Amino acid sequence: MTLEPELPELEQEENPELRDFSRRFWGTLPLTGIVTLLAMGGHALNLFHGAMQNWVELVIASPVVLWAGWPFYVRGVRSVIQRSPNMWTLIGLGTSAAYLYSVVATLAPAAFPANFMMEGRIGVYFEAAAVIISLTLLGQMLELKARSQTSAAIKALLGLAPRTARRINADGSEEDIPLSHVHPGDRLRVRPGEKVPVDGLVLQGESAVDESMLTGEPIPVLKRPEDTVIGATLNTHGSLVVQAQKVGSATVLAQIVQMVVQAQRSKAPMQRLADVIAGYFVLVVIAIAILTLFLWGLWGPTPGWVFGLINAVAVLIIACPCALGLATPMSVMVATGKAAGSGVLFRDAAAIENLRRIDTLIVDKTGTLTEGRPSFQGLEVAPGFTARDVLRLAASLDQGSEHPLAHAIVEQARAEGLALSAVEAFESASGIGVRGRVEGRTLLLGNTALLEEAGVPCEALRERAEQLRSDGASIIYLAVDGTAAGLLAVADPIKPTSRQAVERLQAVGVRVIMATGDGPTTARAVARQLGIEEVHGEVRPQDKERLVAALQQEGRRVAMAGDGINDAPALARADVGIAMGTGTDVAMNSAQITLVKGDLLGILRARSLSMATVRNMHQNLAFAFAYNAMGIPLAAGLFYPLTGHLLSPMVAALAMSVSSASVVFNALRLRKASLGDQVRQA
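Each number in our numbering corresponds to the 1-based position in the sequence shown with 559 added.
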């Protein structure tokens, strides 16, 4: 295979090997079709007479074999030189044997026994060589496209960083400079709606920064002087002056990119089993072909060497790796189509092969187990206030806030048809809440610290607040003219199917672990509702990746399910990465499996299909080798003393075709595979 850059560039061109193979495939596909039609029905149509058809097939098939198949012959020769027989050795031997035999049959038909002459010509196998080359090119194109997607996650991460930064010079002037020109200690201005250029320290200003692209949590974080900010996060509404601290490869984003690169390159190559088997298979086939040639040449009836050559070619043709090469790709092709119709997208064959072995699943919380969108859960009122008043006043005050929790309250009030009033003297209280005047009344809306700061007692509501917190909700108090009026609960709801998916995964022996950036109390509350016993809270992207690596060192086969950029390193490090289709592009590009609907039940469907597909692969490999096991002795002439007949290379080609057809039809059975109850199947 051609070399690939360790770290792709945003403007990187298309893979040159993929471009070359695509040109060879599409340029010769019409020739393959024509030579195949001639071989199958040329004699019936009487287009050519006698040996003329052989000459026409030679002219048409030669560009396919000699030009389109040239890279495969180069690899086949290298496999011999390096003493590492593999699929390329088989493809090179099989196609070259079929082609060279056919060339000799066309140029020197008199060298063959008379009984090999049919309708005035010797049977040739140009179509077999051409079809194998075209099929192999198609398979390589599909594999190269799948491999190129592994760099898409890294490109997406690189694309998060802004291209420029606004630097504040010593004289107070400001200028936009390339990001690569930023140095530690530089003062940078981050305006509303802009991305933070590098990791740094806030010197001036106050704003809420959306860090969900790295933390996975939907709620922006208030940033004030002395707080740290992370490069590539989004400044929502305020203006900040930031001092650069970490630039280039030292930033959090750059470190995540490196982790994704390292994790992706640690994956095992696909079809390892087929390559190992093929290595021994090649040696056996070559040995049998050589033995056949010499046994017939030295001890066979006259002309012994001609019979030996024909039988040796028959051995190589019947052992041609068409069925072996189709065994895994055909199953994968059908399975991926079947999975796509069920809302599961497999990126490569390795994911299908590995998913059935998974015994541990790490799940993110926000956006994976939960909806990822804060929503209003309910409220509690103090004596003297009504629920409608508490919700209306809180929503009226929150109209001036950019916080997602505020949005949830405002949306609920509007959904209930409440008329909101204008806000006066609105003020944000430094991350603990907001203040303002509505309808002439002074309102406070925030957490316990806000009310304590204002000297407003809220003991009567605290017991209920703790109950709601234990259910995973965030609590917001409302005070009216110095009196606690009530509390509002806002939470990220659990997806309806999450509990069912967790229960069924545990029932089939999969250990489920939650790892989230949320605080431990909220994480444990959600885990308790879902029946998850092992919980890791306040974990960073690198912590999730380390958790995956630690479990793998214990001998566990680990899958990771997540939806955020913060999950990308763990998704790439896991044996199987599973992304929510409702999440970020980086998560989906880092993962091997994407659940289109973001529904964890899709893992059960994917696992069921994985088991059926691998079983189908084994059946296909068995078909391929069974035909060879039966056909090779016949082709070698082992039964000639008993029957007095030899296996013509034409019959060998027919057997090769039958084995390929068996593989194809068996793979197509996967379209009817049941993806039902995983517990029942297990």
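Backbone N, C-alpha and C fix where the C-beta goes; we use that ideal spot for every residue, glycine too. Quantities reported herein were computed from a predicted structural model and do not represent experimental measurements.
Could you please give the first and the last residue of the uninterrupted beta strand (DSSP E) stretch that includes residue i?
i: Gln763; result: 758-764
i: Glu1113; result: From DSSP, Glu1113 is part of no beta strand (DSSP E); its letter is neither H nor E.
i: Ile1091; result: That residue, Ile1091, is in no beta strand (DSSP E); it is neither H nor E in DSSP.
i: Asp735; result: 733-737
i: Ile1072; result: 1070-1074
i: Thr723; result: 723-727
i: Arg994; result: 992-997
i: Glu1022; result: Element bounds for Glu1022: not the beta strand (DSSP E) but the alpha helix (DSSP H), 1018-1029.
i: Ser934; result: 934-940
Excluding sequence positions up to five away, which residues of its chain have a Cβ less than 6 Å from the Cβ of residue i?
i: Gly759; result: Val788, Val801, Gln802, Ala803, Gln804
i: Arg1058; result: Leu1089
i: Leu904; result: Thr1153
i: Phe671; result: Ile681
i: Glu983; result: Arg996
i: Thr927; result: Ala1120, Gly1121, Asp1122, Met1139
i: Lys1156; result: Gly902
Below 9 Å between beta carbons: does that hold for residue i and residue j?
i: Thr654; j: Ala610; result: no
i: Val749; j: Arg725; result: yes
i: Gly764; j: Pro779; result: no
i: Gly959; j: Phe985; result: yes
i: Pro721; j: Leu738; result: yes
i: His796; j: Gly731; result: no
i: Asp1051; j: Ser934; result: yes
i: Thr929; j: Val1049; result: no
i: Ile692; j: Val633; result: no
i: Val891; j: Gly1045; result: no
i: Leu1168; j: Ala1226; result: no
i: Leu956; j: Arg1070; result: no
i: Met1073; j: Ile1053; result: no
i: Ile911; j: Thr1172; result: yes
i: Arg932; j: Met1170; result: no
i: Phe580; j: Pro630; result: yes
i: Leu812; j: Leu694; result: no
i: Thr810; j: Lys754; result: no
Between the Cα of residue i and those of the options, spot the shortest distance and give me the residue it belongs to.
i: Gly628; options: Met1189, Gln641, Ala689; result: Ala689
i: Ala1181; options: Asn1148, Thr591, Ser1218; result: Ser1218
i: Tyr1199; options: Ala813, Ala664, Ser808, Thr851; result: Thr851
i: Arg1228; options: Val893, Val1135, Tyr1036, Arg916; result: Val893
i: Ala673; options: Phe866, Gln971, Asp923, Gly926; result: Phe866
i: Val683; options: Ala664, Glu1104, Thr695, Ala1194; result: Ala664
i: His742; options: Val806, Gly999, Ala1108; result: Val806
i: Arg1132; options: Met1139, Met700, Gln1111, Ser1167; result: Gln1111
i: Leu1020; options: Leu1047, Met1189, Val922; result: Leu1047
i: Thr925; options: Val1098, Leu799, Val615, Arg1105; result: Val1098
i: Pro756; options: Leu854, Thr723, Met677, Ala1220; result: Thr723
i: Leu596; options: Ala941, Pro644, Glu678, Phe685; result: Phe685
i: Asp907; options: Ser901, Gly896, Ala967; result: Gly896
i: Pro1079; options: Pro589, Glu1093, Pro1100, Cys1017; result: Glu1093
i: Leu747; options: Gly790, Ala767, Leu717, Asp769; result: Gly790
i: Ser808; options: Tyr839, Leu717, Thr792; result: Leu717
i: Gly1096; options: Gly1076, Glu1104, Asp1102, Arg1087; result: Gly1076
i: Val816; options: Gly1068, Pro1128, Lys782; result: Pro1128
Am I right that residue i and residue j are in contact with their C-beta atoms under 8 Å? What's the rounded C-beta distance?
i: Ala954; j: Leu979; result: 6 Å
i: Asp1134; j: Asn913; result: 5 Å
i: Ala1043; j: Leu1010; result: 7 Å
i: Thr1056; j: Asp1158; result: 5 Å
i: Arg1116; j: Ile917; result: 5 Å
Once you ignore the five residues that flank residue i on each side, which residues in its own chain have a CB closer than 8 Å to its CB?
i: Lys826; result: Because the pLDDT of Lys826 is 40, which lies under 50, any placement of that residue in the model is unreliable, and the question is left without a value.
i: Leu857; result: Gly863
i: Leu652; result: Gly635, Val841, Val844, Ile845, Leu875
i: Leu577; result: Met700, Leu703, Lys704, Ser707
i: Phe1224; result: none
Which stretch, first to last residue, makes up the alpha helix (DSSP H) that contains residue i?
i: Val636; result: 629-640
i: Ser955; result: 946-957
i: Thr1007; result: 1007-1012
i: Glu616; result: 611-621
i: Val1061; result: 1057-1066
i: Ile911; result: 908-914
So, at 7 Å on beta carbons, what are the nonlocal neighbours of residue i in its own chain, with the 5 sequence-adjacent residues on each side left out?
i: Ile1137; result: Ala1118, Met1119, Ala1120, Ala1150, Ile1152, Leu1154, Ile1162
i: Ile847; result: Val874, Ile1191, Ala1195
i: Val1039; result: Leu952, Arg1000, Leu1002
i: Val639; result: Thr648
i: Gly859; result: Phe866, Gly867
i: Pro828; result: Residue placement at Pro828 cannot be trusted, given a pLDDT of 41 that sits under 50; the coordinates are not used to answer.
Cβ of residue i versus every heavy atom of the ligand SAH: is any distance shorter than 8 Å?
i: Gly937; result: For the ligand SAH, the structure offers nothing, since it holds no ligand at all.
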